[in-house]
Every structure is written in C-alpha cells, then in structure tokens.
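Sequences listed follow chains V and B, in order. Each residue of the first sequence is one higher than the one before, starting from 4 at the first, in the numbering used here. Each residue of the second sequence is one higher than the one before, starting from 58 at the first, in the numbering used here. Even glycine gets a Cβ: it sits at the ideal position worked out from N, Cα and C. The block underneath contains the structure these notes are about, expressed in structure tokens.
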Amino acid sequence: MKLLEYEAKRVFSDYGIPVPQGFVIREPGEIAAHLSEFGDAVVLKAQVDVGGRGKAGGVLVVDSTSAVDRARELFSREIRGVPVREILVEERLEIEHEYYLSIAVDRSSKQPVVLFGETGGVEIERAAKEDGSAIRRAVVSPLLREVPAFLMRELLGSAPRDIAPVINSLYRVFQERDAMLAEINPLVTTPDGVYAADAKLIIDDNALGRQGIEVNRDLSEREREAGRHGFSYVELDGTIGVIGNGAGLTMSTIDLIDYYRGRAANFLDVGGGADRERVMHAVRLVAGLPSVKVILVNLLGGITRCDEVAHGIIAADVGVPVIVRMAGTNEEEGRRLLAEHGYRMVDSMEAAVRAALEAGE
Amino acid sequence: MIYGDRNLGVIVQNITGRQGRFHTELMNAYARETGWRGIVAGVAPGKAGMEVDGVPVYNTVKEALAEHDATASVIFVPAPAAGDAIMEAAYAGIELAVVITELIPVHDTMKAIAYAKLHDCAVIGPNCPGLLSPGECKLGIMPAHLATRGEVGVVSRSGTLTYEVVDELSRAGIGQSTVVGIGGDPVIGQTFVDVLARFEEDAHTKAVVLIGEVGGNLEEEGARSTELPVVAYIAGVSAPPEKRMGHAGAIIEGGEGDARSKVRRLSEMGVPVAARPSEIPELIREVL
Numbered sequence: 004m005k006l007l008e009y010e011a012k013r014v015f016s017d018y019g020i021p022v023p024q025g026f027v028i029r030e031p032g033e034i035a036a037h038l039s040e041f042g043d044a045v046v047l048k049a050q051v052d053v054g055g056r057g058k059a060g061g062v063l064v065v066d067s068t069s070a071v072d073r074a075r076e077l078f079s080r081e082i083r084g085v086p087v088r089e090i091l092v093e094e095r096l097e098i099e100h101e102y103y104l105s106i107a108v109d110r111s112s113k114q115p116v117v118l119f120g121e122t123g124g125v126e127i128e129r130a131a132k133e134d135g136s137a138i139r140r141a142v143v144s145p146l147l148r149e150v151p152a153f154l155m156r157e158l159l160g161s162a163p164r165d166i167a168p169v170i171n172s173l174y175r176v177f178q179e180r181d182a183m184l185a186e187i188n189p190l191v192t193t194p195d196g197v198y199a200a201d202a203k204l205i206i207d208d209n210a211l212g213r214q215g216i217e218v219n220r221d222l223s224e225r226e227r228e229a230g231r232h233g234f235s236y237v238e239l240d241g242t243i244g245v246i247g248n249g250a251g252l253t254m255s256t257i258d259l260i261d262y263y264r265g266r267a268a269n270f271l272d273v274g275g276g277a278d279r280e281r282v283m284h285a286v287r288l289v290a291g292l293p294s295v296k297v298i299l300v301n302l303l304g305g306i307t308r309c310d311e312v313a314h315g316i317i318a319a320d321v322g323v324p325v326i327v328r329m330a331g332t333n334e335e336e337g338r339r340l341l342a343e344h345g346y347r348m349v350d351s352m353e354a355a356v357r358a359a360l361e362a363g364e
Numbered sequence: 058m059i060y061g062d063r064n065l066g067v068i069v070q071n072i073t074g075r076q077g078r079f080h081t082e083l084m085n086a087y088a089r090e091t092g093w094r095g096i097v098a099g100v101a102p103g104k105a106g107m108e109v110d111g112v113p114v115y116n117t118v119k120e121a122l123a124e125h126d127a128t129a130s131v132i133f134v135p136a137p138a139a140g141d142a143i144m145e146a147a148y149a150g151i152e153l154a155v156v157i158t159e160l161i162p163v164h165d166t167m168k169a170i171a172y173a174k175l176h177d178c179a180v181i182g183p184n185c186p187g188l189l190s191p192g193e194c195k196l197g198i199m200p201a202h203l204a205t206r207g208e209v210g211v212v213s214r215s216g217t218l219t220y221e222v223v224d225e226l227s228r229a230g231i232g233q234s235t236v237v238g239i240g241g242d243p244v245i246g247q248t249f250v251d252v253l254a255r256f257e258e259d260a261h262t263k264a265v266v267l268i269g270e271v272g273g274n275l276e277e278e279g280a281r282s283t284e285l286p287v288v289a290y291i292a293g294v295s296a297p298p299e300k301r302m303g304h305a306g307a308i309i310e311g312g313e314g315d316a317r318s319k320v321r322r323l324s325e326m327g328v329p330v331a332a333r334p335s336e337i338p339e340l341i342r343e344v345l
C-alpha cells in the first residue's frame, strides 16, 4: 500500500531523516495560523497519489500573502483526475543540488538494492535509461542492519559525506517498516544541510497487519469485498465474467478470451480450496457486474471437488449462462449435477472459452 | 529428474495443520505408487510423540533429523512464522526447503533465503506448488495424476496453470522429467536460472517448458542462461499495465515488466513463445 507524501515524511522524520518544516491542511483557512513560522514564500503540495504531480500543477511555490487564496484554488482542482483533499504546506528550501535516492526489493538478487544518483528530480528515469552510470546501485544483504562503509563509498562517489547517515536511516525504514520501496527524489542539499524534499513509501501488502495498517487504501470497495472472501479481484471492461483458481490460470483464461477476440469483464481468482460457499459468492459477485453476459468458470487442481463446485454454482442461481470447465475429484458427479440444472460443463480450457464466446453473443 | 529421486528422504514442517496433514497423505500415497521413501518425519512445535498418517512428529527439525535420514523439507507453516521455519530447516542441515505457504512478508522471505544460502540450503518458493518428478517423488501439492514420466522439464511461476500445461503435454504423449513450481512472489528462492542450471545437468531432460507471468525479468534471465532448448508461455498478455512501483522499479528492471514486452524479448532471443497453452506440445516437438 502506498503512503501519501506527508505520511512517508513523518516516518522518515521518525528515523532521523531531515524533512522540510511543514503541516497538512484540509481547508484553505488552516494555513493562516501557521504562516508566521515561515518566510516570504511557502510550497503547497497536493497530497494525491499520481505520477507527474508537479507537471500537472499539483505543486505550487506561492507568496505567503496569497497562500490562502492559492490553497483554495488548489483544493478546487483535480490533479490528473484525482480530487485534492489534503495539502502539505512546507517551507521553501534553498536548494543547492538535487540527488536521487531509493531502496527497493531487487527480484533478481533477492536482496534490497540501494540506488543513488548524483542528479535527482523528475527526469530521473529518462536519465537512467540514457546513461547507465547516472544511477549507482548496491545490493545489501538483508541480514545486515546497515549499509557497509565500502558500499557507501561506492554509492556516494564525490557526493557530500553527510548523505551517508540519510542512506542508513532510509535503509532502516525500508527494513523495519516492511517497505517494497522507500524513495527520496529529490534528496537536496541546502546551506542548512541535507533534506528529503519528497518522499515515497510503499508498504508490503503481506505485512500491513504487523505494521498496524487495518485497511488497504489502494483497493476499491468491491476489491475489498472480494478480499474478505479470500479472492483476488480486478475489474476489466468486457462482457465475459471469469472465475478461476490460481492467478496464472485465471490470467491465462483471460488471455485466451483475448486471443479469440473476446473481452473479459473481470479477473477473479478464488484461491485455494474452491468449496461450495466460496464458489457461490464468486459467481454472485461476478454476476453482479452490469456488463456481464456470461460467466466462465475454469477450475483445475488435484483436490478441487467438482461436486462441491457444482453445488456452489447451482446455489448461486444467477440469471446469466455459466460455462464450467473443471478437473479434479468427483468429476462425473459434478457434471451430472450441472446438467440436471441446465448448466454446461466442458472438458478443455479452449472449448470453455469458445463456448463462453458463443453464449455471450 | 532434478532435486531428488526415489531415495530422497523428506520431512514436513507443520505436519499437524490441515494442509500439512492432507498433503502428507497424498505424498505418501504417491510414495507407495513409485517406491519413493516419502515423508519420513513431521515437525510441529509442542506436538512431539503424535503421528500423522503413520509419520512420527517432532518438536523441532533438529530432533526429527536426529532420528531420521532426510535432506528435504516441505513447509506448510503459516505466513507469520514461515520465514523462521525456513531458517530452522537450513540451520538443522536441510538441503532443500520447499515452501508452500503464501502471503509471507517479502522482508521475511529475503532474510530467510539469504540465511538458507549461508547454510547451503536451496529454497523453492514461497507461494509455490512444489515439485514433482513423475515416477519418482513429489514434494508439495501438485496433482500427480496429470503427469507422465518423460524428457521434458517444466518450470513455472504459476500453480494451476502448470497443471494445465502438464495436462496438455501428457495428453499429447510428451512426458516430463521434473515439474517445478518456483512460486509467484516478488522474491523467490530458486529462480528460472537456478532450475534451468539443474535441468542442464540432468541427463534425462532434453528440453524445457518455461511458464512465466507478467512482471520482473526472471524469465528472460533464465532463457538467456541455458543451452537447453526452451519453449515459453507467458500469462497476462491481455492484463492492464501493472501498478508501477515508482521510478525504482523501472530503473532496476530496465524493461517495462509487462507480458507483451517480455514475449517480445524472449522471441528476440530465439525462444519460441506459445500464444496459448495448447500450442506448447507442438512447439516442444519442434525443438526436441
């Protein structure tokens, strides 16, 4: 789950990383009380989770005297389609130089990787693509609690030494807060020292519980509903409802629909143990999508009980055709039950997809 | 076959849980079919002295290994304790840990894999169906009845999709040497590169089916690393673009990470990529 900039900055600050002085407002009027603590200019930063926020007008440097009006204006806007509900008001930093710093999970080496660039800012991805040496990288053993000095020297090159403690603090944040990504872009030097001018923190969804996060804000209401039943669920824009077990098989089913020029309405992975109850909930959830004309159920596994699945489909009793492909135990009983209630069971994934396309026409 | 044969001694961690118990029974049934030694001991803290499917249970891996000759463990320990269970196995001398558990926090996985490596223990998974060498042994939850013995290796990030492909191969009369599900998590122990290196050393494996998914570039790394003929299938070509992980994801992985560009890169390497699972048997015949 992604944290907002100000939430990430609070975490960074707790770990001793200097962040600009600032506060969060939810109404323009809230600025006035704090303005005396700032200089002639302040920075208004819309707290929206979108890429290219600055270019889209979500970050404004404004004169203190007009700050309330400019904040009102920002609250009334949408940044790349996202309404602005909170604004982070910050002191304006006297920036001497911008650097790039991030720590992420490196799938290839199976370890944390620290990335450091001597030039930071919005163009960092392009710069990295054009010049492979623009970003230095160091993988750090997950068994270590800090970045070893020799790696630190390699990362920093000629950059100021006082960045090193920031890297180690961010590494602690990364480890202790179960981060998938901790990023400071830009990390800036000023006459007063080093600051995290921006902050990004993505927490591992599998660790939200132990991080004290109860609700995953990245999910829609329907996705959360699906999650309560133990399903992975994504809405798409077609007419064929798809229910499968296992992410790979479900994705593959959707690809096959696409191959035959059809369009899936959703992705629903029922997860392990497709019993009567779960299948019924899954079928009802997908049938509830207004665009769905037919539902394709594709379940495969040594331990899937086909009679249980059949009972679930029959109990769901939905108004659209349901095409079933399943393999497992008690196949014959499942087939008999489905046939009795007017549902079709087919033997292969290909046949199931073609049958669903016909039924959906 | 790779990772082990009929002589492999295997323990199950959390053998008294619902999944552990159920799959111990299925693995032992397979052992009776093939003559494999099967599950020789189980581990469940506080449950020493119990038996599951005739298998004696111990409190710790160390205690189990003091009484039984085993080098592999299948782990069904719930996510919060799974990282610790991997480290316990590695410390006690287990050489191969197959981790079925899903939803393990990625930092736990990274630490456990790094620790296991220090103890020369290979980790398959987490969040995987395990491995199956038809006619030899089965470590994990794969349905054995779909597989047939033969000369094609299968390595996959998926679970049920692997069963689909194995079924297609078997129906087409193409047997498998070993089927390995390496797991769908961002960080996994054995990657395509590691499994392909084992297949390359295996005299029984003549070609490999590589089943990948959207995200990362482990499939390309794997295909590039081997001399064996490889046929690939990538799931997720019609999926909407993955949620991006800030700038770091793009910088680390270089490519876009989506399935279509993955298919393109594999094709550019000369790897035949099936558009549908049903095309795999034909493509395999062409490279054999």
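Candidates Ala331/B, Lys174/B, Val266/B: which alpha carbon is nearest Gly238/B's?
Val266/B
Tell me the rounded alpha-carbon separation between Ala70/V and Arg95/V.
13 Å
Helix, strand or coil: how does DSSP classify Gly273/B here?
coil
Buried or exposed for Met326/B, please, with buried defined as at least 16 other CB atoms from any protein chain shown within 10 angstroms of its CB.
exposed
Going along the chain, which residues of its own chain have a beta-carbon closer than 8 Å to the beta-carbon of Pro31/V, five neighbours each way excluded?
Val71, Asp72, Ala74, Arg75, Phe78
Using beta-carbon positions only, say whether Thr235/B and Gly210/B come within less than 8 Å of one another.
yes
By Cβ distance, which residues of its chain are closer than 7 Å to Pro191/B, with the 5 residues on each side in sequence left out?
Ala204, Thr205, Arg206, Gly232, Gln233
When you compare the CB of Met326/B with every CB in chain V, is at least one pair closer than 8 Å?
no
Residue ranges of each alpha helix (DSSP H) run of no fewer than 4 residues wholly in the region 83-150 of chain V, ordered along the chain?
127-133
Secondary structure of Asp272/V, DSSP reduced to three states:
strand
With contact counted as at least three CB pairs below 8 Å, one residue from each stretch, are the region 327-345 of chain V and the region 302-319 of chain V in contact?
yes
For Glu193/B and chain V, any beta-carbon pair shorter than 8 Å?
no
Would you tell me roughly how many angstroms separate the C-alpha atoms of Pro115/V and Arg333/B, rounded to the nearest one?
35 Å
6 Å Cβ shell around Ala146/B - same chain, five flanking residues per side excluded:
Val118, Ser130, Ala154
Is Asn333/V close to chain B, meaning its C-beta is less than 8 Å from at least one C-beta of that chain?
no
Is the CB of Met84/B under 8 Å away from at least one CB in chain V?
no
State yes or no: is the C-beta of Gly140/B within less than 8 Å of the C-beta of Ile157/B?
no
With distances taken Cα to Cα, identify the nearest neighbour of Ile205/V among Thr193/V, Ile187/V, Asp195/V, Ala199/V.
Ile187/V
Assess, as a yes-or-no matter, whether the region 221-235 of chain V is touched by the region 264-279 of chain V under the definition of 3 or more beta carbon pairs within less than 8 Å.
yes
DSSP has Lys195/B in a bridge; who is on the other side?
Leu189/B
Does the count of Cβ pairs from the region 37-44 of chain V and the region 178-194 of chain V closer than 8 Å reach three?
no
What does the alpha-carbon distance come out to for the pair Val67/B and Gly331/V?
26 Å
C-alpha gap between Tyr172/B and Val180/B, whole angstroms
10 Å
I want to verify the contact list: residues of chain B whose CB lies under 9 Å from the CB of Met254/V, in sequence order.
Ser215, Leu218, Glu270, Val271, Ala292, Gly293, Val294, Ser295, Ala296, Ala316
Got a sec, what are the start and stop residues for the alpha helix (DSSP H) Lys5/V sits in?
First-last for Lys5/V: undefined, no H or E at that position.
Taking C-beta pairs closer than 7 Å, name the residues in chain V that Pro183/B reaches, listed in chain order.
Within chain V, no residue comes near Pro183/B; the closest Cβ sits about 10 Å away, beyond 7 Å.
On a Cα-Cα basis, can you pick out the residue from Met348/V, Met352/V, Ala358/V, Asp17/V that is closest to Val176/V?
Asp17/V
Within 8 Å, strictly: CB atoms of Val112/B and Thr73/B:
no
Using 10 angstroms around the beta-carbon of Phe256/B, count the other beta-carbons present and answer buried if the total reaches 16, otherwise exposed.
buried
When you check each C-beta in the region 227-246 of chain B against every C-beta of chain V, which residues fall closer than 8 Å?
Gly241, Pro243, Val244, Ile245, Gly246
The region 313-324 of chain V in contact with the region 77-91 of chain B per 3-pair CB rule at 8 Å
no
Is the CB of Leu267/B under 8 Å away from at least one CB in chain V?
no
Proximal chain V residues relative to Ala136/B, where beta-carbon distance stays under 8 Å:
Asn209
Give me whichever residues DSSP pairs with Met348/V in a beta bridge.
Val327/V
Rounded to whole angstroms, how far is the Cβ of Ser318/B from the Cβ of Asp258/V, which I believe are closer than 8 Å?
Between Asp258/V and Ser318/B the Cβ distance is about 15 Å, and since that is not below 8 Å, they are no contact.
Pull up the distance between the alpha-carbon of Gly247/V and that of Asn301/V, whole angstroms please.
5 Å
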